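Comments concern the structure below.
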Amino acid sequence: MKLTEWTMEEQEQLIHFMTTNAWPYHGNSHPARDIIEKTIEEGGYESDEVKTFWVENDEGKQVGIVKIYDLQDEIPLFDLRIAEAHRGHGYGPKALKLLAEYVFGLPGNKIRLEGHTRQDNFAMRKTFERAGFVKEAHLRKAWYSPKEHSYYDAVTYGITREDFFGGTTTPVHWDDEQENRNLAEVVPLALRQFPEYFESERLIIRAPRVEDATLVWDAIRHSMKELKPWMPFAQKLPKLEQTTESIRQAVADWATRKDLRLHVFLKETGEFIGSSGLHRINWDIPKFEIGYWLDSRHEGKGYMTEAAERITQYAFEELGARRVEIRCDTDNVRSRAIAERLKYSLDGILKNDSLSADGKRLRDTCIYSKVR
């Protein structure tokens, strides 16, 4: 793996990279082309103070970018971004180690290298720690999110020249250690890295990517008749842009561990055949609810039963689930059949528990579960 300096001749590559990925923890999670062009024009990616590098994996594929600020100062800052398709593969910590090697090799003996992130960006915090960075500050209400019109806490991580060359990690002593222990007890699994890709006998099951949008939209288009009685999103065919935005949100929710949507593909052909996932998450227990829908062109082959079985296994083995539920309308005989084939127990039926997919009638809900 290596860092390769970005050049102005690669302007279109950079614009494509920035506008086709979602950045849920940045001020602008979906930057537009004109914003990136303006930043490039103003020297925001290349100047005496700024340098930008491609993060390339061992196959030479560009999997991310890293931008260094304040290069004329003794303490540079950086911004690391890994493409959605390549997150969860360990590229972040490796990129930070290469970045530190570059910065501390510059003339003038840089003192330290630092970066900032939102307090709830657990994936980036783990990236810092695995690269030898130390948490050095916790700033309350210091990170503004325009999309949510909210302020979040921010954290600062740094690595010193001495620690880098000595291969050491010097901790900062402060008085919030008990608070940190309490946080770890509440959300230990949300802080963990767990697989975003797994397989069953015939299927590939993975986290959503923005480039899936056309495949998902096409599956919905062919399955409207079958989905309409049960799915609120299928009351009328969504626009492709709406499906794309839904997937962007799903990517962000995965990153924040709010919801874990999963896309299902045939292993043999690579075709997208349906969507599932783990929803209504309570990390304190932990418990999850499996939801699913299938492209009607692939019905009758047991694919969704196979997917739900493998996702159930994933929830218990990878996420430490103590309870997994399947909820469905009492009249949704296909969903009920999946739960029953997988030996989920029918805990009960809630009368007048929900509205029909079209929002016009009260419906009863079956609750199936497996516990450990």
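Sequential numbering of the sequence shown, starting at 1, is according to the UniProt record's numbering.
All residues carry an ideal CB built from backbone N, CA and C; glycine is no exception.
All figures in this text were calculated on a predicted structure; none of them were measured in a lab.
When the options are compared against residue i, the one with the closest alpha-carbon
i: Gln193; options: Pro171, Arg125, Tyr144; result: Arg125
i: Arg112; options: Ala83, Thr169, Gly88; result: Thr169
i: Gly270; options: Asp73, Leu215, Val333; result: Leu215
i: Gly115; options: Pro146, Ala307, Ile68; result: Ile68
i: Lys343; options: Glu318, Leu355, Glu306; result: Glu306
i: Asp253; options: Ala321, Lys239, Ala123; result: Ala123
i: Glu196; options: Glu74, His263, Val103; result: His263
i: Arg372; options: Ala234, Ile205, Asn28, Lys287; result: Lys287
i: Val66; options: Pro93, Asp58, Gly88; result: Pro93
i: Arg327; options: Arg248, Glu340, Gly320, Leu319; result: Glu340
i: Phe133; options: Arg209, Lys370, Ala100, Glu245; result: Ala100
i: Gly60; options: Gly300, Asp284, Lys2; result: Lys2
i: Pro208; options: Asp218, Asp259, Lys236; result: Asp259
i: Ser145; options: Asn28, Asp347, Gly320; result: Asn28
i: Ile285; options: Arg322, His89, Asp70; result: Arg322
i: Gly320; options: Asn282, Glu9, Ile15; result: Asn282
i: Ser223; options: Pro229, Glu12, Arg334, Ser296; result: Ser296
i: Pro76; options: Phe164, Gly158, Asp163, Ser276; result: Gly158
i: Glu129; options: Tyr303, Thr156, Lys228; result: Thr156
i: Ala308; options: Gly291, Glu299, His298, Glu318; result: Gly291
i: Ser345; options: Asp58, Ile367, Ala255; result: Ile367
i: Ala219; options: Pro238, Gly300, Leu355; result: Pro238
i: Lys97; options: Arg87, Val55, Asp212; result: Val55
i: Glu299; options: Phe233, Gly277, His279, Ser335; result: Ser335
i: Glu74; options: Ser275, Gly90, Pro107; result: Pro107
i: Asp70; options: Val63, Ser47, Phe53; result: Ser47
i: Leu80; options: Glu42, Gln72, Ala131; result: Ala131
i: Thr338; options: Ser354, Met304, Asn121, Leu362; result: First, the residue type needs correcting, since residue 338 is Ile and not Thr in the sequence shown. Minimum Cα distance to Ile338 is reached at Met304.
i: Met8; options: Glu136, Thr20, Glu42; result: Glu42
Beta-ladder partner(s) of residue i, from DSSP
i: Tyr314; result: Per DSSP, none; premise fails for Tyr314.
i: Lys135; result: Tyr157
i: Lys370; result: Val324
i: Glu74; result: Beta-bridge pairing links Glu74 to no other residue.
Reduced DSSP category for residue i - H, G, I as helix; E, B as strand; rest coil
i: Leu355; result: strand
i: Trp143; result: strand
i: Gln62; result: strand
i: Arg361; result: coil
i: Gly90; result: coil
i: Gly166; result: helix
i: Val187; result: Interpretation of Val187 is limited by its pLDDT of 47, a score under 50 that renders its predicted location unreliable; no figure is taken from the coordinates.
i: Glu5; result: strand
i: Val172; result: coil
i: Arg341; result: helix
i: Tyr303; result: helix
i: Ser296; result: helix
i: Ile220; result: helix
i: Asp347; result: strand
i: Glu309; result: helix
i: Asp212; result: helix
i: Glu114; result: strand
i: residue 374; result: Absent from the structure is residue 374, since the part of the chain shown begins at 1 and ends at 372.
i: Glu289; result: strand
Residues near residue i by beta carbon distance below 7 Å, same chain, minus five either side
i: Met231; result: Trp293, Ala357
i: Arg118; result: Tyr25, Trp143, Tyr152, Ala154
i: Ala22; result: Ser29, His30, Glu84, Val210, Arg248, Val251, Ala252
i: Gln11; result: Ile40
i: Gly44; result: Val50
i: Glu318; result: Phe194, Pro195
Residue range of the unbroken beta strand (DSSP E) whose run includes residue i
i: Asp331; result: That residue, Asp331, is in no beta strand (DSSP E); it is neither H nor E in DSSP.
i: Leu266; result: 260-266
i: Phe122; result: Here Phe122 belongs to no beta strand (DSSP E); instead the alpha helix (DSSP H) covers 122-130.
i: His279; result: 272-282
i: Arg206; result: 203-206
Run of the alpha helix (DSSP H) containing residue i, from where it starts to where it stops
i: Lys38; result: 33-41
i: Glu241; result: 240-256
i: Phe53; result: Premise fails: Phe53 lies in the beta strand (DSSP E), 51-56, not in any alpha helix (DSSP H).
i: Glu226; result: 224-227
i: Phe198; result: That residue, Phe198, is in no alpha helix (DSSP H); its beta strand (DSSP E) goes 197-199.
i: Leu106; result: Counting along the chain, Leu106 falls outside any alpha helix (DSSP H), and DSSP gives it neither H nor E.
Any C-beta of chain C under 8 Å from that of residue i
i: Ile326; result: Here there is only one protein chain, and chain C is not present.
Same chain, Cβ closer than 8 Å to residue i, neighbours up to 5 away in sequence not counted
i: Lys351; result: Asp364
i: Arg161; result: Phe104, Asn109, Lys110, Ile111, Arg112
Residues near residue i by beta carbon distance below 6 Å, same chain, minus five either side
i: residue 373; result: What the structure shows of the chain is the stretch from 1 to 372, and residue 373 is not part of that stretch, so it cannot be assessed.
i: Arg202; result: Lys267
i: Val324; result: Phe288, Thr312, Ala315, Lys370
i: residue 377; result: It is not possible to answer for residue 377, since the shown part of the chain is limited to 1 through 372.
i: Val187; result: Note that Val187 scores a pLDDT of 47, beneath 50, so its modelled location is shaky and nothing firm can be said.
i: His138; result: Val155
i: Ala184; result: For Ala184, the pLDDT reaches just 49, beneath the cut-off of 50, and the residue's location in the model is therefore unreliable, leaving the point undetermined.
i: Asp347; result: Ile367, Ser369
i: Ile204; result: Phe265, Lys267
Near the ligand GDP: residue i beta-carbon under 7 Å from a heavy atom
i: Glu84; result: Looking at this structure, you won't find the ligand GDP or any other ligand, since it has none at all.
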